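Numbering (our numbering), first residue to last: 14 to 297.
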């Protein structure tokens, strides 16, 4: 994916009058992969005088593992993604990119280098008024037509494309208006698969989809990203039963410890409890 497209698509989902990110004067080189992440005492805010939205996050993500981040709107999920993508500086604490032989703090790397390692698949990724092929090619402009088609088939769009008279050259319309919600999300998945980043963040990939479509998409995300370090931000952990690392983000920190068993159910319950507490607080 070109740097320009990565920034346009990520900024439109994380920009809250975003302060300038401090680029290192002498960026450190990337360590060799495979890659994991280590988050220690992470704090982050969107303005110097604003309160921290993230407060003391601690998390280790091993290379090649899949992790769910569960939380209500406003819990800090988008803020965490922005810091991971080097679109927002932490106000305290550290995030380390853990390579094969050493770790490097993200703030010591250039933003462009970070975004060659960490990919972002937004819940409403921008779809341009162009062809299916052109929209997927944005992820990797030098990709061949065969590689693009392979990514689309891995995203389970192959059978649908086979029914289209113009195939990959079918126009999708402005904002993808000729596509269903599920097709738009799978097109975004195909972009992510074509880009083949070592670490991928999926932001609410099943949002606004019906139960059947959401379940099928969730299963395909888990299957197609197997072996890559994957972070899935979701309010529906039950759709990802095979992902055992589940962390509930509430009030800027993780509400459940990483070593708890049956985490998916506990995270879902924690989200429900938080919503109930907020409702009672607003009612009073």
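Even glycine gets a Cβ: it sits at the ideal position worked out from N, Cα and C.
Values in this document were obtained by computation on a predicted structure and should not be read as measured data.
Secondary structure of residue i, DSSP reduced to three states
i, result
"residue 109", "strand"
"residue 33", "coil"
"residue 271", "For residue 271, the pLDDT reaches just 46, beneath the cut-off of 50, and the residue's location in the model is therefore unreliable, although a value from the coordinates is still provided. Correct three-state label for residue 271: coil."
"residue 240", "coil"
"residue 133", "strand"
"residue 234", "helix"
"residue 212", "strand"
"residue 161", "helix"
"residue 50", "strand"
"residue 266", "strand"
"residue 140", "coil"
"residue 177", "coil"
"residue 207", "helix"
"residue 63", "coil"
"residue 156", "coil"
"residue 247", "strand"
Cβ-based burial, residue i [other Cβ within 10 Å; buried from 16]
i, result
"residue 172", "exposed"
"residue 190", "exposed"
"residue 159", "exposed"
"residue 54", "exposed"
"residue 208", "buried"
"residue 260", "buried"
"residue 120", "buried"
"residue 270", "Low confidence applies here, because residue 270 scores a pLDDT of 45, under 50, leaving its location unreliable and the question unanswered by this model."
"residue 211", "buried"
"residue 177", "exposed"
Residue span of the beta strand (DSSP E) that contains residue i, given as start and end
i, result
"residue 256", "Element bounds for residue 256: n/a, residue is neither H nor E."
"residue 98", "Neither: residue 98 is in no beta strand (DSSP E) and is coded neither H nor E."
"residue 187", "Where residue 187 is concerned, there is no enclosing beta strand (DSSP E), given that its DSSP letter is neither H nor E."
"residue 150", "Counting along the chain, residue 150 falls outside any beta strand (DSSP E), though it belongs to the alpha helix (DSSP H) covering 145-150."
"residue 74", "67-74"
Range of the contiguous alpha helix (DSSP H) that encloses residue i
i, result
"residue 169", "Segment: none, residue 169 is in no alpha helix (DSSP H) and carries neither H nor E."
Residues that residue i bridges to, as DSSP identifies them
i, result
"residue 118", "109"
"residue 260", "82"
"residue 55", "70"
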